[in-house]
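Take a look at the structure set out below.
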Amino acid sequence: MNYRYYLDRSSKKFPCPNCHKKTFVRYMDAIENNYLEANLGRCDRESKCGYHNKPDGNQSIISPYAGTFIKPEPSFHNEDSLQIGGNNFNGNHFISYLKNFFDTEAIIAAIKKFSIGNSNHWAGATVFWQINERLQICAGKVMLYDPITGKRIKDPYPHINWMHKVLKIDDFVLQQCLFGIHNLCFHPKGSTACIVESEKTAIIMSIRYPQFLWLATGSKSNFKHELLKPLKGYQVIAFPDKTEFKNWSKKAEIMTKEGLSIRVNPFLERQGLEEGSDLVDYFTQAAAA
Numbered sequence: 090m091n092y093r094y095y096l097d098r099s100s101k102k103f104p105c106p107n108c109h110k111k112t113f114v115r116y117m118d119a120i121e122n123n124y125l126e127a128n129l130g131r132c133d134r135e136s137k138c139g140y141h142n143k144p145d146g147n148q149s150i151i152s153p154y155a156g157t158f159i160k161p162e163p164s165f166h167n168e169d170s171l172q173i174g175g176n177n178f179n180g181n182h183f184i185s186y187l188k189n190f191f192d193t194e195a196i197i198a199a200i201k202k203f204s205i206g207n208s209n210h211w212a213g214a215t216v217f218w219q220i221n222e223r224l225q226i227c228a229g230k231v232m233l234y235d236p237i238t239g240k241r242i243k244d245p246y247p248h249i250n251w252m253h254k255v256l257k258i259d260d261f262v263l264q265q266c267l268f269g270i271h272n273l274c275f276h277p278k279g280s281t282a283c284i285v286e287s288e289k290t291a292i293i294m295s296i297r298y299p300q301f302l303w304l305a306t307g308s309k310s311n312f313k314h315e316l317l318k319p320l321k322g323y324q325v326i327a328f329p330d331k332t333e334f335k336n337w338s339k340k341a342e343i344m345t346k347e348g349l350s351i352r353v354n355p356f357l358e359r360q361g362l363e364e365g366s367d368l369v370d371y372f373t374q375a376a377a378a
């Protein structure tokens, strides 16, 4: 069934009418090929905002239509894109943070394993490339970290962008995949795949527990069947950030009915951590105790 109105599938975001952060995805009209009213859409800050105003009424009701909506084919970066930032990681803030905990050999192995990149979009920025199970380069997420705390730089604004925007690639159709899913070929079916939200956490946990396949959704909302489909036949353990256990558990129930084997681990909910904390925060706090 085709629907006339749908959430914009591009990476474009607008200021949210509720929290005013630039995390708002607007509804599109498939027939007119334009946006609906500016207040119709969903905020990606599901936990801290949760604003979702669906189309309704005579003009904006979600309804089947006679025409055919053709979903655009996803875009991919070429392999040369992986080398744009070069191989010198001395000024990379994220890599500098890793040096506080791991030796050079382990860090170099992680860089190669996850195809971590550099970006001069911001001095010291990191590119986390999303490469799918078919080794197609779906996206490159650019983020800036504090080299001491390992926290993302969010002031005076969130330092996060996409490589197709940095490179000014017109009409790039973003279709994300799980970060790290390209390593699936090294883990036979039936083995354990661990999912976290943050790319940083997936990398660090992979260094600590290399026997498992570590993946990251990149956002709370990306814990969904569309991205987890390649994990059919694997034993999936999800470690949501603190306070997201119930949300991910509900989603896991649905995905289990769709043929996936998923267990959501409540470990972080039982720890005395702040809201939004993850496994790396737990280990950091435990080491400091």
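Read in order, the letters of the sequence shown correspond to residues 90 to 378 in this note's numbering. Where is the CB? At the ideal position from N, CA and C, for every residue including glycine.
Could you give the distance in angstroms between the alpha-carbon of Glu364 and the alpha-carbon of Pro355?
So the two alpha carbons sit approximately 14 Å from each other.
Take Ile284 as the anchor and find which of Lys278, Ser295, Pro277 and Glu162 has the nearest alpha-carbon.
Out of Lys278, Ser295, Pro277 and Glu162, Ser295 has the C-alpha closest to the C-alpha of Ile284.
Looking at C-alpha atoms only, which residue of Gly213, Ala212, Trp211 and Ala228 is the closest neighbour of Gln399?
As displayed, the chain neither begins before 90 nor continues past 378, which places residue 399 out of reach and without an answer.
How many angstroms separate the CA atom of Ser338 from the CA atom of Asn250?
Cα to Cα, the separation comes out at about 29 Å.
Cα-Cα separation, Ser100 to Gln265
Answer to the nearest angstrom: the Cα atoms are 10 Å apart.
Helix, strand or coil for Ser366 per DSSP?
Look at Ser366 here: in three-state DSSP terms it is coil, with no helix or strand label.
Excluding the 5 residues preceding and the 5 following Ile226 in the sequence, name in chain order all residues of the same chain whose CB lies nearer than 8 Å to its CB.
Counting only Cβ-Cβ distances below 8 Å, and skipping sequence neighbours, we find Phe165, His166, Asn167, Glu168, Ser170, Leu171, Trp218, Gln219 and Ile220.
Taking only the alpha-carbon atoms, compute the straight-line gap between Thr281 and Phe372 and give it to the nearest angstrom.
Taking the straight line from one Cα to the other gives about 21 Å.
Relative to the C-alpha of Cys138, which residue among Glu162, Pro144, Thr112 and Ile120 is closest?
Checking every option, the nearest Cα to that of Cys138 belongs to Thr112.
Local conformation of Val231 per DSSP, three classes
It is a strand residue.
Given this structure, state the Cα-to-Cα distance separating Ile151 from Pro161, to the nearest angstrom.
Because the pLDDT of Ile151 is 40, which lies under 50, any placement of that residue in the model is unreliable, and the number read from its coordinates should be weighed accordingly. Distance between the alpha carbons of Ile151 and Pro161 is about 20 Å.
Using only CA atoms, which one of Leu302, Ile293 and Tyr298 lies nearest to Asn60?
Past the edges of the chain, shown from 90 to 378, lies residue 60, and the structure says nothing about it.
On a CA-only basis, which of Phe178, Asn336 and Gln324 is nearest Ser308? Give me that one, please.
Comparing C-alpha distances from Ser308 to each of Phe178, Asn336 and Gln324 shows the shortest one belongs to Asn336.
Less than 8 Å between the CB atoms is what I'm expecting for Val262 and Pro163, so what's the real figure, rounded?
That belief holds up - the Cβ atoms of Val262 and Pro163 are roughly 5 Å apart, short of 8 Å.
Backbone CA spacing between Gln300 and Asn272 [nearest angstrom]:
Computed Cα separation, rounded: 12 Å.
Check whether Phe178 and Asn207 have beta carbons under 9 Å apart:
The criterion of a C-beta distance shorter than 9 Å is satisfied by Phe178 and Asn207.
Less than 9 Å between the C-beta atoms of Leu317 and Leu357, yes or no?
For Leu317 and Leu357, no; Cβs fall outside 9 Å.
When we look at the beta-carbon of Phe268 and count the other beta-carbons within 10 Å, is it buried (16 or more) or exposed?
Taking a 10 Å sphere around the C-beta of Phe268, we find 16 or more other C-beta atoms and assign the residue as buried.
C-beta atoms of Ile270 and His314 nearer than 9 Å:
No. Outside cutoff.
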